[in-house]
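For reference, the structure is listed below as structure tokens.
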Amino acid sequence: MTSVEMWFDPICPWAWMTSRWLLEVERVRPVKVRFHVMSLAVLNKGRDLPADYRKLMDDAWGPVRVATAVEQEHGGDLLRTFYTELGSLIHRDKRPRDRSLYLDALAAAGLPAGLADAADSVDYDEALRASHREGMDPVGYDVGTPVIHVPGPDGERIAFFGPVVSPAPKDEAAGRLWDGVLLVAGTDGFFELKRTRTRDPIIE
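According to numbering that gives the first Met the number 0, the residues represented by the sequence shown are 0 to 203, in order.
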């Protein structure tokens, strides 16, 4: 069984697509996925951003703070459940990022409603930044999310950004993509494979 770790920001639709793909990979390959929080707002702090993206970053604090509170108070398994519920509401149902969103996602995940208070609190920001650094330090800060870490053949950690894919492959197609991703990510000196996006995230 291979332990796979993914860092996500709840507002990123591409990370959401990758997370759904990884859950498919679990069905067809001997892997177990653990989810962790990173923050696009932290990543982009101090950068010169367009006004609309700056507003998005300002609004991004609430979801990522609540997700961090869930992980800190209830552990990674319930963070995984909460991410599924929260991501479904954000990306599939297009819900606004407000308190009712957090309350509904928490209730669906069987978590206490009081965790929604974290959206407007700095109480978990130190833990958030620590999780962010753990995910981003090995891969570098010129990428965003999704970030994935896997153990390499010699026990070292292999970290990479992506894959960015839409729609999320299912069944054996998910497994084949996983096999290919591991092959290129584990190749010494391999850095990038990219092409222009021609479609938006297809949320199913």
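Each residue gets a CB set at the ideal place from its N, CA and C atoms; glycine is no exception.
Bear in mind that the values here come from a model prediction, so they are computed numbers and not experimental data.
Burial state of residue i, where buried means 16 or more other Cβ atoms lie within 10 Å
| i | result |
| --- | --- |
| E191 | exposed |
| T197 | exposed |
| L182 | exposed |
For residue i, the three-state DSSP class (helix, strand or coil)
| i | result |
| --- | --- |
| T1 | strand |
| R53 | helix |
| R33 | strand |
| F81 | helix |
| I201 | coil |
| I89 | helix |
| R156 | strand |
| P150 | strand |
For residue j and residue i, the rounded distance between their alpha carbons
| i | j | result |
| --- | --- | --- |
| R128 | L114 | 18 Å |
| T17 | P200 | 10 Å |
| L100 | A112 | 11 Å |
| V36 | H131 | 6 Å |
| D51 | Q71 | 31 Å |
| R46 | D153 | 37 Å |
| P162 | D92 | 24 Å |
| T144 | L110 | 25 Å |
| D85 | L55 | According to the sequence displayed, residue 85 carries Leu and not Asp. So the two alpha carbons sit approximately 17 Å from each other. |
Residue j beta carbon less than 9 Å from that of residue i
| i | j | result |
| --- | --- | --- |
| W20 | L176 | yes |
| L78 | A66 | yes |
| D103 | L88 | yes |
| V32 | E4 | yes |
| A117 | A40 | no |
| Y82 | P9 | yes |
| R53 | S120 | no |
| R96 | P62 | yes |
Nearest-angstrom Cβ-Cβ length linking residue i and residue j, presumed shorter than 8 Å
| i | j | result |
| --- | --- | --- |
| I157 | A126 | Actually they are not in contact, since the Cβ atoms of I157 and A126 sit about 25 Å apart, beyond 8 Å. |
| M0 | V24 | About 12 Å; that fails the 8 Å criterion. |
| F160 | V138 | 6 Å |
9 Å Cβ cutoff, residue i in contact with chain C
| i | result |
| --- | --- |
| E72 | Absent from the structure: chain C. Only one protein chain is present. |
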